[in-house]
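Novice: After the structure tokens below, expect a handful of questions from me.
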Amino acid sequence: SRSREAAVDFDTTVKTSGTRSLRMTLRGPSSVGYEGATQEVMVTPGTYRFSAAVRTQDVSSAGGIYFRITGGDRASRVEVGPAESSGTTPWHKVSSEVVVSEGVSWIRIRIMRRPGPGAEPEHDLRGTVWVDEVTLSKVG
Numbered sequence: 190s191r192s193r194e195a196a197v198d199f200d201t202t203v204k205t206s207g208t209r210s211l212r213m214t215l216r217g218p219s220s221v222g223y224e225g226a227t228q229e230v231m232v233t234p235g236t237y238r239f240s241a242a243v244r245t246q247d248v249s250s251a252g253g254i255y256f257r258i259t260g261g262d263r264a265s266r267v268e269v270g271p272a273e274s275s276g277t278t279p280w281h282k283v284s285s286e287v288v289v290s291e292g293v294s295w296i297r298i299r300i301m302r303r304p305g306p307g308a309e310p311e312h313d314l315r316g317t318v319w320v321d322e323v324t325l326s327k328v329g
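Per the numbering used here, the sequence shown starts with residue 190, numbered consecutively.
Shown next, in the form of structure tokens:
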């Protein structure tokens with residue numbers, strides 16, 4: 190997937206486990222937020238643990254990468270992060286509890302990026318973010 194702000198694809202060389210990770214190559218104005226890769230998941234009511242591993246390289250922005258999790262009803266929303274994402278960081282985990290209400294049968298998990306504080310349109314956002322080991326496990 191490509192947009193003015195980012196290119197998203199799979200990377201088979203940089204990963205924590207398995208065969209690939211999701212790579213986002215950032216390349217747009219720092220004042221632009223980004224709503225990227227999305228996955229919809231069937232769920233039953235209850236409590237879940239969401240987690241993901243994130244790594245960055247040469248990211249030139251104070252804005253953080255985070256995950257937005259919304260219920261199928263769109264009334265409920267959980268934001269996980271922002272993950273430390275400026276500069277170069279090793280793999281690190283972000284996680285949160287997610288409560289799924291009665292009547293919700295699916296949730297949407299979306300990777301997002303907030304513009305940095307005081308971001309100016311002429312400052313280019315550059316760098317690479319990898320995401321791996323995304324899990325949603327029912328805990329109650």
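Every residue gets a Cβ at the ideal spot worked out from N, C-alpha and C, and that includes glycine.
The beta strand (DSSP E) with R244 in it runs from where to where?
Specialist: 235 to 248 is the extent of the beta strand (DSSP E) around R244.
Novice: So, with DSSP's three-state summary, where would you put L314?
Specialist: strand
Novice: So who's on the other strand from S284, going by DSSP bridges?
Specialist: S240
Novice: Please classify D198 as buried or exposed, where buried requires at least 16 other C-beta atoms within 10 Å of its C-beta.
Specialist: exposed
Novice: From the DSSP output, which residues share a beta bridge with R216?
Specialist: R315
Novice: The beta strand (DSSP E) that contains V197, what's its start and end?
Specialist: Note, V197: beta strand (DSSP E), 195 to 200.
Novice: For E151, list the residues DSSP reports as bridge partners.
Specialist: Because the chain in this structure spans residues 190 to 329, residue 151 falls outside the shown range and cannot be described.
Novice: Just to confirm before moving on: does the CB-CB distance between W295 and G261 stay below 9 angstroms?
Specialist: Cβ atoms of W295 and G261: closer than 9 angstroms.
Novice: Which word fits V157, buried or exposed, when buried means at least 16 other C-beta atoms lie within 10 angstroms of its C-beta?
Specialist: Residue numbering for the chain in the displayed model covers 190 to 329; residue 157 lies beyond these limits and cannot be assessed.
Novice: Quick check on K204: does DSSP put it in helix, strand or coil?
Specialist: In the structure shown, K204 sits in coil (DSSP, three-state: anything other than H, G, I, E or B).
Novice: Which of the three DSSP states is assigned to R209 in this structure?
Specialist: coil
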